[in-house]
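S.K.:
Residue numbers (the UniProt record's numbering): 1 to 322.
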């Protein structure tokens with residue numbers, strides 16, 4: 001599946017590499033016989049992306065788990081401490097207790113749970129981290145009812161918002177705008193997660209429209225990550241994603257696999273079904289040569305591997321080198 005030599009394959013994959021406590025993911029990777037880790041590695045090998053964003057992967061400060069996962073396959077790895085599990089000291093979820101998973105900047109049992117990791121065969125430049133941006137500072141923020149104390153510290157990013165430049169062979173940068181939003185569920189009638197997830201996508205639109213105090217990246221760029229919202233189905237503010245897909249600065253290659261444009265399978269336990277929640281959206285001036293979702297057909301031997309790896313499937317886009 002490799003991209004042509006004169007192009008780049010960019011991909012995002014929610015690999016579900018999250019465990020119940022810090023260090024447990026590294027333990028499972030080093031065991032070398034964990035069935036999920038084995039399946040994720042097989043999917044990464046089949047994908048053969050030049051640049052790969054893995055969401056839903058536990059973070060550690062030394063990037064030990066990330067390096068152990070890919071070995072020498074990706075010499076350049078980037079990850080920062082995400083907001084997940086980063087305790088605020090407040091009772092954000094209103095259960096009368098502090099210090100629990102719902103009281104962190106992003107839901108997490110421990111700091112770094114289900115973070116992001118970027119793997120690249122090409123060198124990476126100096127990143128910008130927007131993860132400290134306060135939710136209240138987003139123009140038109142769709143804030144839930146909450147205390148003034150919470151508004152003072154509540155960040156927009158559930159996990160992270162990053163701008164990471166890839167250094168291109170011929171010179172210049174390709175900016176990767178990366179994020180992983182909250183699922184629009186697991187809250188109450190205030191719809192806190194639904195509101196937040198929509199605003200996490202809105203952040204990129206406002207950045208590109210120069211409506212934030214943060215300057216946008218120079219093109220070319222690619223938006224990559226997990227919006228956790230389907231354009232039409234399931235829960236969440238569908239208009240937030242539809243507006244992003246329709247933004248004049250980006251293009252939607254509409255990658256497809258065996259289940260159409262779906263990138264995640266939530267059919268179990270009366271879930272919302274097959275949804276498109278993971279995205280790779282190149283800037284408008286980039287030339288897309290191919291795109292797809294690595295969702296094997298049922299008769300493909302890789303189908304069982306994909307199911308063992310994650311309920312999400314990798315999304316990839318090939319672009320010509322700018």
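Even for Gly, the Cβ is constructed at its ideal location relative to N, Cα and C. Source: prediction; values computed, not measured.
Measure the alpha-carbon distance for residue 104 versus residue 194 and round it to whole angstroms.
M.R.: 17 Å
S.K.: Between which two residues does the beta strand (DSSP E) carrying residue 226 extend?
M.R.: 221-226
S.K.: Compare the Cα-Cα distances from residue 126 to each of 217, 267, 11, 151 and report the closest residue.
M.R.: 217
S.K.: Measure the alpha-carbon distance for residue 316 versus residue 91 and round it to whole angstroms.
M.R.: 39 Å
S.K.: Tell me residue 121's beta-bridge partners as DSSP assigns them.
M.R.: According to DSSP, which records beta bridges pairwise, residue 121 is partnered with nothing at all.
S.K.: For residue 114, collect the residues of the same chain with a Cβ closer than 6 Å to its Cβ; drop the 5 residues on either side in sequence, then sort them by chain order.
M.R.: 18, 56, 84
S.K.: To the nearest whole angstrom, what separates the beta carbons of residue 220 and residue 123, a pair I think is in contact under 8 Å?
M.R.: Rounded, the Cβ-Cβ distance is 17 Å, inconsistent with contact.
S.K.: So which of 283, 282, 295 has the shortest CA-CA distance to residue 256?
M.R.: 295
S.K.: Does the distance from the C-beta atom of residue 291 to that of residue 7 stay below 9 Å?
M.R.: no
S.K.: Quick one: what's got a C-beta closer than 6 Å to residue 234's C-beta in the same chain, skipping five residues either side?
M.R.: 272, 275
S.K.: Would you identify the three-state DSSP class for residue 15, choosing helix, strand or coil?
M.R.: strand
S.K.: Taking 6 Å as the limit between beta carbons, can you name the residues of its chain near residue 69, skipping five residues before and five after?
M.R.: The residues are 29.
S.K.: State the DSSP-derived secondary structure class of residue 201, mapped to helix, strand or coil.
M.R.: Looking at residue 201 - three-state DSSP - the assignment turns out to be helix.
S.K.: Which same chain residues, not among the five before or five after residue 81, have their C-beta less than 8 Å away from its C-beta?
M.R.: 59, 61, 111, 112, 115
S.K.: With DSSP run on the structure shown, which of helix, strand or coil describes residue 173?
M.R.: strand
S.K.: Can you tell me whether residue 163 is helix, strand or coil according to DSSP?
M.R.: strand
S.K.: Please report how far the alpha carbon of residue 4 lies from the alpha carbon of residue 197, in whole angstroms.
M.R.: Residue placement at residue 4 is flagged as unreliable, the pLDDT there being 47, under the threshold of 50; a coordinate-derived value is accordingly withheld.
S.K.: Give the secondary structure of residue 70 by DSSP, where H, G and I count as helix, E and B as strand, and everything else as coil.
M.R.: helix
S.K.: So, with DSSP's three-state summary, where would you put residue 4?
M.R.: With a pLDDT of only 47 at residue 4, under 50, the local geometry of the prediction cannot be trusted, and no value is derived from it.
S.K.: Classify residue 35 as helix, strand or coil using the three-state DSSP reduction.
M.R.: helix
S.K.: Residue 76 lies in the beta strand (DSSP E); which residues open and close that run?
M.R.: 76-78
S.K.: Can you grab the Cα-Cα spacing for the pair residue 280 / residue 174, in whole Å?
M.R.: 14 Å
S.K.: Give the C-beta separation of residue 48 and residue 9 to the nearest angstrom, bearing in mind that I take them to be a contact with Cβ-Cβ under 8 Å.
M.R.: 7 Å
S.K.: Quick one: is residue 306 buried, meaning 16 or more other Cβ sit within 10 Å of its Cβ, or exposed?
M.R.: Residue 306 comes out buried.
S.K.: In angstroms with no decimal places, state the Cα-to-Cα distance between residue 289 and residue 169.
M.R.: 18 Å
S.K.: Alpha carbon to alpha carbon, what distance is there between residue 204 and residue 129?
M.R.: 13 Å
S.K.: With DSSP as the reference, identify every bridge partner of residue 215, one or two as the case may be.
M.R.: For residue 215, which the question treats as bridged, DSSP gives no partner whatsoever.
S.K.: Roughly how many angstroms lie between the CA atoms of residue 323 and residue 298, to the nearest whole one?
M.R.: Any question about residue 323 goes unanswered here, given that the chain covers just 1 to 322.
S.K.: By a C-beta neighbour count over all protein chains shown, 10 Å radius and 16 as the cutoff for buried, is residue 40 buried or exposed?
M.R.: buried
S.K.: On the criterion of 16 or more Cβ atoms from any shown chain inside 10 Å, does residue 213 qualify as buried, or is it exposed?
M.R.: exposed
S.K.: Hey, could you find the ends of the alpha helix (DSSP H) residue 241 is sitting in?
M.R.: 238-245
S.K.: Below 7 Å CB to CB, which residues in the same chain sit around residue 78 once its five sequence neighbours on both sides are set aside?
M.R.: 118, 124, 127, 164
S.K.: Near residue 223, which residues of its chain fall below 7 Å by C-beta distance, leaving aside the five closest residues on each side in sequence?
M.R.: 177, 204, 250, 279, 281
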